[in-house]
Amino acid sequence: MGGDGIGPEVVAEGLKVIAAVGVEMDTVEYDLGGERYMRDGTILPDEIVEEWRGLDALYAGAVGSPGVPPGIIERGLLLKMRFDLDLFINLRPFATPNHNFVVIRENTEGTYAGEGGFLRKNTPEEVATQGSVNTRHGVERACRYAFELAMTRNKHVTLIHKTNVLTFSGDLWDRTFNEVAAEYPEVDTWYNHIDAACIYMVEGPERYDVIVTDNLFGDIITDLAGAISGGIGLAPTANLHPGKMSMFEPVHGSAPDIVGTGKANPIAAILSGAMMLDHLGAIEAADRIRAACAAPETLTGSTSEIGDAVVGRL
Ligand code: IPM
Ligand code: MN
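Residue numbering for the sequence shown follows the working numbering, starting at 2 and increasing by one per position.
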């Protein structure tokens with residue numbers, strides 16, 4: 002699913018790299034996103050979600066068009082996909098010579114759940130509420146995933162939240178995190194408030210190995226993490242339901258301002274393709290792609306030239 006803007010351009014490079022590494026896949030293409038919505042009103046029909054349940058993975062570019070009001074494609078396509086397919090882990094690794102940490106963002110709850118509404122809309126007495134939904138089940142599976150991952154890495158997990166103010170959801174997160182931590186005595190733990198984490202992320206990101214956090218804090222901190230580790234053009238994402246159909250996309254958006262200019266960096270999409278190969282069990286091929294994307298500052302040129310350079314290194 003190339004999507005909108007630069008999405009199709011970067012996905013084409015990712016598919017080129019996957020072909021070059023020798024992994025053969027059966028593919029089916031989906032034309033969805035803001036452009037499709039403007040053409041015929043289609044966002045994400047339930048029948049397509051049902052079809053996706055039978056696939057192994059969805060490889061996506063980016064969705065969103067300037068002509069579509071905010072929320073329609075985000076909620077109707079991206080979030081519907083995450084929620085309906087229960088893609089409960091949003092995994093965002095940041096790896097450069099100077100950074101090596103991953104963010105586990107809970108991907109189905111929190112303020113993203115859509116709880117809330119209006120009272121007296123468009124009157125001077127208007128009220129808008131936007132709740133945060135946090136379940137023991139949802140928080141626990143995110144924490145457990147983080148600790149399992151930490152066991153394969155440097156055995157260090159940081160919880161990021163705002164327990165000093167969000168005393169209900171923060172309390173549930175804190176208790177659940179510590180209960181899961183007790184099952185992993187070898188793993189060291191740390192806690193940061195989200196505001197302080199923004200400072201540490203900029204001034205000392207080497208303190209982090211695995212971070213686990215709620216949906217909205219994870220959204221924000223991963224843009225910051227992208228910015229300090231080479232730019233958002235390099236940051237990949239996996240939206241996972243381990244063992245089931247999962248979705249792989251760059252952290253960046255559709256960047257309509259640079260569409261067709263060849264300025265889009267395809268590395269984030271290529272690395273998202275590598276995460277997809279991990280999910281499909283082609284881990285050696287995925288590692289080869291990651292190695293070929295090392296020192297990304299030396300991969301220069303247009304979108305397709307960068308893709309060709311990665312293929313050349315392979
Ligand atoms: C992301 C994006 C999405 C999010 C938007 C487009 C709905 O910013 O994947 O980080 O907020 O999760
Ligand atoms: Mn985001």
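Every residue gets a Cβ at the ideal spot worked out from N, C-alpha and C, and that includes glycine.
{"query": "So for L217, helix, strand or coil by DSSP?", "result": "helix"}
{"query": "If we ignore side chains and look at the alpha-carbon of each, how far apart do A293 and I307 end up?", "result": "11 Å"}
{"query": "Given 7 Å as the limit, tell me if D224 has its C-beta closer than that to any heavy atom belonging to the ligand MN.", "result": "yes"}
{"query": "Kindly examine the ligand IPM and report whether one of its heavy atoms sits closer than 7 Å to the Cβ of L79.", "result": "yes"}
{"query": "Rounded to the nearest angstrom, what separates A275 and G231 at their Cα positions?", "result": "18 Å"}
{"query": "What is the DSSP secondary structure of N193, reduced to helix, strand or coil?", "result": "strand"}
{"query": "Give me the DSSP bridge partner(s) of N123.", "result": "Answer is none; N123 lacks a bridge partner."}
{"query": "For L33 and Y113, which I take to be in contact (beta-carbon distance under 8 Å), what is that distance rounded to the nearest angstrom?", "result": "Not really, about 20 Å apart at Cβ, beyond 8 Å."}
{"query": "According to the neighbour-count rule (16 or more other Cβ atoms, all chains shown, within 10 Å of its Cβ), is V166 buried or exposed?", "result": "exposed"}
{"query": "Please list, in chain order, all residues of the same chain as L56 whose beta carbon is under 8 Å from its beta carbon, the five residues on each side excluded.", "result": "V29, M246"}
{"query": "From P267, G65, A239, G132, pick the residue whose C-alpha is nearest to that of H280; which is it?", "result": "A239"}
{"query": "Among V213, V311, I73, whose alpha-carbon lies nearest the alpha-carbon of M39?", "result": "I73"}
{"query": "In the DSSP assignment, the beta strand (DSSP E) including I7 goes from what residue to what residue?", "result": "From DSSP, I7 is part of no beta strand (DSSP E); its letter is neither H nor E."}
{"query": "Identify whether N99 lies in helix, strand or coil by the three-state DSSP scheme.", "result": "coil"}
{"query": "Any idea which residues DSSP pairs P237 with across the strands?", "result": "P251"}
{"query": "With respect to the alpha helix (DSSP H) encompassing A265, which residues constitute its N-terminal and C-terminal limits?", "result": "First-last for A265: undefined, no H or E at that position."}
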